[in-house]
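Taking the working numbering as reference, the numbering of the sequence shown is continuous, increasing by one, and the terminal residue is 1266. Yeah, the Cβ is synthetic: ideal placement off N, Cα and C, and Gly gets one too. What you are looking at is a predicted structure, and each value in this text was computed from that prediction instead of being measured. See below for the structure under consideration.
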Amino acid sequence: MRTKATFLITGAAAFMAALDTLVVTTALPTIRAGLGASLESLEWTVNAYTLVYAVFLLAAAALGDRFGRRRVFVAGLTVFTLASAAAALAGSASALIVARTIQGLGASVIVPLALTLVVVTSPARLRGRVIAGFGGMIGLGIALGPWIGGAVIRLGNWEAVFWINVPVGLLLIPLAVWFLPESRGPYGGLDVRGLALVVTGLFGVVFGLIRGTSLSWTHPQALGPLLAGALVLACFARWERRAAHPVLPPHLFRDRGFALSNLLAMFVQGGVMGAVFLLTQFLQNVLGYQPLEAGVRTLPWTLMPVLVAPLAGVLGDRMGVRRLMTAGALLQGIALAWFAVVASPSVGYPVLLPAMLVAGIGMGVFFGLAARQAMDFVSASEEGVASGVNNAMRQVGIVLGVAVLSSVFAAAGGYGSPAAFVSGLRPALWTATGVLAVAVVVALLVPARPATGGSPGTRDAADGEQQRQHPDEGGHGHLAGDRRARR
């Protein structure tokens, strides 16, 4: 009962947070007319959310491990709900951007802690399926964002895009307080310096990527933050090696399986979402569909993960996660290559449909297994930070994918005419296909089994033995609490 309640509460919250990544995109023309917003303001209405969301994921996971995952999750959900109301009530573009920034902060807390809360309440035998279902909820939220935004705009006004979060949030907050179990991570302290370094470094990198898309990679507003962010992240890595309670324990990335799993997630998320960013515009700017019409025509792609992700969880137990993740990356690469071959100003929708179905199957496998694969290589007590790392890598992948593919698009084409758009779209899609090809290679290099022995139950037993041998390590009994929560 507790597992089901936790899944429903955290899954609904994570769906909302993922939905708001792209739900506002179809409302931008209406927002521009209603608030008199400039083009740059419209860009930051989207980017402010993505920027803060990507930057604070690791910090949120660390705060949850230290102060209690349920407590911090509820705080994040409250912030997200209030910020959604503030966005709906915004009377200017500046106020909307501020509200979207705070909304992104709440989302950065919700997603990693929701996954960890689900994991610690799941029996070992159901763990893979639960993570797969949770990943499908997040993937569905991202994929359905433009379609739901278009439907809401069609029925109401742009404020409704944000109001829809408020009643859901007000319902979930008391349910989370009543039903979610409390748990903590393995460390008793908080690495304040590490938190400051990782937040600052990620902010510089993500901000530079976003500005590089709008300006150029050599512009001081892009190159400066990129270099500064990379330098700060290098300092963060050096500090973590001697920190008493590290935000990101260095030994995690010394595990080849964990490191490659996160690299794979970044490549797949970046290549696919960067392509989706351009393809949704292709349906509207070249083929002439209205936002809602374009959203309906992407449903074979976006709804497929709902069917495939839970199935991927079941098959992962039988066929192996690495094999399925490789197949998922390969299917998405094939679909993107198909789009690149057939893209033209006169292409018919039936020609695009097979690629959408194939891409949807591959996306369902990815969303169902990406988080599970990464957490298979860490101890149960470190699943909070592992979730934060995996989500941060995926979000940085989205920003990087959109930035790189947009640059390729702009270099070869533009928005001047349907022909010009296609001229830029094709090389961008081939670039995305190349990224997915690299992802396939990375997937093949991921170890088939974790070094600890493979199954979650084996790792739980190993963690318990380590706790018995070193009772003072692991956060004053929180690890044992995690074990009880799992059972």
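Assumed close pair residue i, residue j - CB separation to whole angstroms, cut-off 8 Å
| i | j | result |
| --- | --- | --- |
| Phe1061 | Ala1159 | About 44 Å; that fails the 8 Å criterion. |
| Pro891 | Ala975 | The pair is not a contact, with the Cβ atoms about 19 Å apart (cut-off 8 Å). |
| Phe852 | Val909 | Not confirmed; about 17 Å, so no contact. |
| Met795 | Asn936 | Not a contact, Cβ separation roughly 20 Å. |
| Gly918 | Ala1088 | 7 Å |
| Val1093 | Gly915 | Their Cβ separation, rounded to whole angstroms, is 12 Å, which puts Val1093 and Gly915 out of contact at 8 Å. |
| Arg1101 | Ala1222 | 7 Å |
| Gln1174 | Leu836 | 7 Å |
| Gly1176 | Ala1044 | 7 Å |
| Ala797 | Gly920 | 3 Å |
| Ala878 | Ala862 | 5 Å |
| Leu856 | Ala792 | 6 Å |
| Gly987 | Gly1008 | 6 Å |
| Gly1141 | Gly1195 | Gly1141 to Gly1195, Cβ: 33 Å. No contact. |
| Pro960 | Arg849 | 7 Å |
| Val1181 | Phe1046 | Not quite, the Cβ-Cβ distance comes to about 14 Å (not below 8 Å), so this is no contact. |
Check whether residue i and residue j have beta carbons under 8 Å apart
| i | j | result |
| --- | --- | --- |
| Ser993 | Glu822 | yes |
| Leu1136 | Ala1054 | no |
| Pro925 | Thr805 | yes |
| Val1011 | Thr979 | yes |
| Gly1147 | Ala893 | no |
| Val1026 | Gly973 | yes |
| Asn1064 | Phe958 | no |
| Leu1329 | Gly883 | One cannot answer for residue 1329 here, as it falls past the ends of the chain, which runs 780 to 1266. |
| Ala1149 | Asn1169 | yes |
| Met1215 | Gly1050 | In the sequence on display, residue 1215 carries Leu and not Met. Yes, these two residues count as a Cβ contact at 8 Å. |
| Ile989 | Val802 | no |
| Ala1091 | Leu1103 | yes |
| Leu875 | Ala864 | no |
| Glu1019 | Pro1004 | no |
| Phe859 | Ala886 | yes |
| Val1219 | Thr1105 | yes |
| Ala1227 | Gly1095 | no |
Cα-Cα separation between residue i and residue j, rounded to whole angstroms
| i | j | result |
| --- | --- | --- |
| Gly1163 | Trp942 | 30 Å |
| Arg1097 | Val1183 | 37 Å |
| Val1157 | Val899 | 13 Å |
| Phe1118 | Ser1186 | 19 Å |
| Glu938 | Leu1179 | 29 Å |
| Pro1250 | Thr809 | At Pro1250, the pLDDT of 38 sits below 50, so the modelled position is not reliable and the matter cannot be decided from this model. |
| Leu1006 | Cys1014 | 13 Å |
| Phe982 | Leu950 | 32 Å |
| Gly1074 | Leu923 | 8 Å |
| Gly948 | Phe786 | 15 Å |
| Gly1192 | Met1083 | 31 Å |
| Thr782 | Leu1042 | 30 Å |
| Thr1212 | Gly968 | 44 Å |
| Arg1154 | Arg811 | Note on residue identity: the sequence assigns Met, not Arg, to residue 1154. Approximately 42 Å between the Cα atoms of the pair. |
| Leu1110 | Tyr1128 | 20 Å |
| Gly1236 | Leu807 | Low confidence applies to Gly1236: its pLDDT is 38, below 50, so where it sits in the model is not reliable enough to give any reading. |
| Val1144 | Leu1031 | 24 Å |
| Pro1206 | Ala1190 | 10 Å |
| Ala784 | Ser1166 | 20 Å |
| Phe1188 | Leu1057 | 9 Å |
| Gly1203 | Gly907 | 40 Å |
| Ile788 | Gly843 | 17 Å |
| Ala1241 | Gly790 | Low confidence applies here, because Ala1241 scores a pLDDT of 37, under 50, leaving its location unreliable and the question unanswered by this model. |
| Arg1033 | Ser817 | 46 Å |
| Leu905 | Gly1036 | 22 Å |
| Tyr1068 | Arg1076 | 9 Å |
| Leu1132 | Gln1152 | 30 Å |
| Thr880 | Leu868 | 15 Å |
| Gln1245 | Ser901 | For Gln1245, the pLDDT reaches just 37, beneath the cut-off of 50, and the residue's location in the model is therefore unreliable, leaving the point undetermined. |
| Gln1000 | Ser873 | 20 Å |
| Leu1208 | Val940 | 30 Å |
| Thr824 | Thr800 | 10 Å |
| Ala1016 | Arg963 | 24 Å |
| Val956 | Val1120 | 51 Å |
| Thr895 | Ala827 | 25 Å |
| Gly929 | Glu1072 | 8 Å |
| Val984 | Ser1125 | 39 Å |
Residue i: CB within 7 Å of a non-hydrogen atom of the ligand NAP
| i | result |
| --- | --- |
| Ala840 | This structure does not include the ligand NAP; it has no bound ligands of any sort. |
8 Å Cβ cutoff, residue i in contact with chain B
| i | result |
| --- | --- |
| Leu959 | Of the chains in the structure shown, none is chain B; there is only one protein chain. |
At 4 residues or longer, what runs of the alpha helix (DSSP H) sit wholly inside the segment 1033-1097? 1035-1060, 1070-1076 and 1078-1081
In chain order, which continuous runs of the beta strand (DSSP E) of length 3 or greater are located wholly inside the segment 808-870? none
Any chance you could list the alpha helix (DSSP H) runs of at least 4 consecutive residues sitting entirely within the segment 1097-1172, in chain order? 1100-1121 and 1128-1154
Just to confirm the assignment: which complete alpha helix (DSSP H) runs, minimum length 4, are found wholly within the segment 932-990? 939-942 and 944-958
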